[in-house]
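For reference, the structure discussed in these notes is given below.
2 protein chains.
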Amino acid sequence: MRISELAERSGTSPATIKFYVREGLLPPAAKTGYNQVSYGEEHVRRLHLVRALVDVGGLPISRVRAVVAAVDDPQVPLTEVMGVAQHALPGREASSPPSDPSRAAVLDLVAAQGWAVHDGNPGLAQVAAVLDTWVAMGRKDLFDGLPHYARAAEAVARTDLALVWPDAADRDRSAETVVVGTVLGDVLVAGLRRIAQEHVARTTSHSHSHSTEEPS
Amino acid sequence: MRISELAERSGTSPATIKFYVREGLLPPAAKTGYNQVSYGEEHVRRLHLVRALVDVGGLPISRVRAVVAAVDDPQVPLTEVMGVAQHALPGREASSPPSDPSRAAVLDLVAAQGWAVHDGNPGLAQVAAVLDTWVAMGRKDLFDGLPHYARAAEAVARTDLALVWPDAADRDRSAETVVVGTVLGDVLVAGLRRIAQEHVARTTSHSHSHSTEEPS
DNA sequence: ACGACATGGATAGTGCCACTGTCGATAGTT
DNA sequence: AACTATCGACAGTGGCACTATCCATGTCGT
């Protein structure tokens, strides 16, 4: 197929497709002649993947490049693909590294949850940065809620993984699933959180009741 | 205090502070003379708030302006402040509106959870957009996991609200808490999700595992 | 009191990013 | 043969978040 057809089927302009090929987000098409090329189904898929990461996930082009490189390399195991996707997310590369107290609080939380994770997990720095910001705003009570958030996060992660493993036999398909799931999952959970927030706010008696009730 | 002191205490350059005042993110300082002004503690607080929204939350300046306007207006009730904050989040303003099937799926989910929400809740469109993207990638099995995600989201929302209501007597403070909590909460949950993902991936005995390598 | 230095306010400029437009040579289409 | 589409290279655009420059006016140390 030629570029205009690919453009139609993917909803992306020919100019942008050329741009993506230049940037290494999309593999070059097979040459069928001196000056002609042919795009295939894999380009349609890849384009959908790229648009999902850019439009929905908000990833910058440079991160997308790193992600697709990992997806395309059969040497890279699935778990590492997930790590690459996690690092690619716009997870606030700290202008200043998180403070020691916040890092410690995060490690405490991780230990309390019985979690075992690598030291370079981007979530660690990200959570610590949030805690730093919170205390900079003059608040401290976030720490009380952390275990609740952690339990919810674990439930989310279990669901994430359950959606991935069924495909695990097909490495390429799984790699895409992991990447899309990692990126879209954040947006999905954030959206559901907004809905749930409104529901809870409506159905909570606003009598300043310190509803310290345990979320199930 | 003068601008240079405010700059030091907030970690923001004088040039940026001037910019924020021009953009309406920061109220003008009180004039103490023909050509001199005096910044107060409220400017320090506001600057921390703005930086939190911009740096951690990734909000564009225009959205921050809308948010602080709602925070500053005593007429605006807390629930509406939360709505403004939700709308301000970079929640993927759809290039194309979500498809009918996805919207229906979201409404089904909401009904199944027993949630009652406003039709314009930004989470509805956001979740529908994620579903659209998912099916565009050729997958359908996300729908099975939705109730799990929804339950986790509700747990998160309950914790969110529990952190806010204790302050509800002080409307201004609560407004800030709501805004910061709404924005930082997304980042917090996303970070915890990354940690939990690694933990779950490590501790799940998955027969299809090709590697027990950890994410880099 | 006086001079070096900082401040406030206005305006123009910078750097980055994600595209988008233009061009000339060539290929397919009728 | 006429006409449109395509390829590839490269320059240009528009949006955004600052940042630099000016200069008339203040403030501070001695």
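In order, the protein sequence lines correspond to chains A and B.
Okay, so the first sequence: first residue is 1 according to the UniProt record's numbering, each after it adds one.
Okay, so the second sequence: first residue is 1 according to the UniProt record's numbering, each after it adds one.
For glycine and all other residues, C-beta sits at the position ideal for the given N, C-alpha and C.
Small disclaimer: the values here were computed from a predicted structure and weren't measured.
Neighbour-count burial assignment, residue i, 16 or more Cβ in a 10 Å radius
i	result
B/Pro-98	buried
B/Ala-15	exposed
B/His-210	With a pLDDT of only 42 at B/His-210, under the threshold of 50, the placement of this residue in the model should not be trusted; the figure read from the coordinates follows. B/His-210 comes out exposed.
A/Asp-100	exposed
A/Asp-141	exposed
B/Thr-79	exposed
B/Gly-185	buried
A/Ala-63	With the sequence shown as reference, residue 63 of chain A is identified as Arg, and Ala is not the correct amino acid for it. It counts as buried.
B/Tyr-39	buried
B/Ala-162	buried
B/Ala-69	exposed
A/Gly-120	exposed
Rounded separation between residue i and residue j - CA only
i	j	result
A/Val-178	A/Trp-115	21 Å
B/Pro-74	B/Phe-19	25 Å
B/Met-137	A/Val-56	13 Å
residue 222 of chain B	A/Val-183	As shown, chain B starts at 1 and ends at 216. That puts residue 222 of chain B outside it, with no answer to give.
B/Leu-124	B/Thr-204	32 Å
B/Ala-29	B/Asp-160	33 Å
A/Arg-158	B/Arg-103	25 Å
A/Ala-201	B/Val-117	10 Å
B/Thr-11	B/Ser-4	First, the amino acid is wrong: residue 11 of chain B is Gly here, not Thr. Going by the C-alpha atoms only, they are around 10 Å apart.
A/His-148	A/Gln-113	10 Å
B/Asp-72	A/Met-1	56 Å
A/Thr-32	A/Arg-51	27 Å
B/Met-82	B/Val-76	10 Å
A/Pro-27	B/Val-21	46 Å
B/Arg-194	B/Ser-13	33 Å
A/Asn-35	A/Val-187	42 Å
A/Leu-47	A/Ala-128	35 Å
B/Thr-133	B/Glu-42	43 Å
A/Ser-96	A/Val-135	15 Å
B/Asp-108	B/Arg-139	19 Å
A/Leu-146	A/Gln-126	14 Å
B/Arg-171	A/Ile-17	50 Å
Beta-carbon separation (whole angstroms), residue i vs residue j, contact threshold 8 Å
i	j	result
A/Leu-49	A/Val-180	7 Å
A/Leu-192	B/Ala-150	6 Å
B/Val-37	B/Arg-9	Between B/Arg-9 and B/Val-37 the Cβ distance is about 16 Å, and since that is not below 8 Å, they are no contact.
A/Arg-65	A/Leu-25	6 Å
B/Ala-153	A/Glu-154	The pair is not a contact, with the Cβ atoms about 14 Å apart (cut-off 8 Å).
N-terminal and C-terminal residue of the alpha helix (DSSP H) that residue i is part of
i	result
residue 255 of chain A	The structure shown does not extend to residue 255 of chain A, since chain A spans only 1 to 216, so no value can be given for it.
A/Lys-18	14–23
B/Pro-122	122–136
A/Asp-73	Here A/Asp-73 belongs to no alpha helix (DSSP H), and DSSP marks it neither H nor E.
B/Val-56	First-last for B/Val-56: undefined, no H or E at that position.
B/Thr-159	142–164
B/Asp-108	100–113
A/Leu-47	41–51
A/Leu-26	First-last for A/Leu-26: undefined, no H or E at that position.
B/Leu-6	3–10
Proximal residues to residue i (C-beta, below 7 Å), its chain only, five neighbours per side dropped
i	result
B/Val-189	Val-156
B/Ala-105	Leu-131, Phe-143
A/Val-67	Leu-53, Val-84, Ala-85, Ala-88, Val-179
B/Glu-23	Ile-61, Arg-65
B/Val-110	Val-117
B/Val-164	Ser-174, Thr-177, Val-178, Gly-181
Contact set for residue i: own chain, Cβ-Cβ below 8 Å, skip 5 residues either direction
i	result
A/Pro-122	Gln-86, His-87, Leu-89, Gly-91
A/Arg-173	Asp-167
B/Glu-176	Arg-45, Leu-49, Val-71
Cut-off 6 Å between Cβ atoms - residues of its own chain near residue i, not counting five sequence neighbours on either side
i	result
B/Glu-214	Low local confidence applies: a pLDDT of 41 at B/Glu-214 is under 50, so the model's placement there is unreliable, with the coordinate-based value given in what follows. Within the same chain, B/Glu-214 has no close Cβ partners at all.
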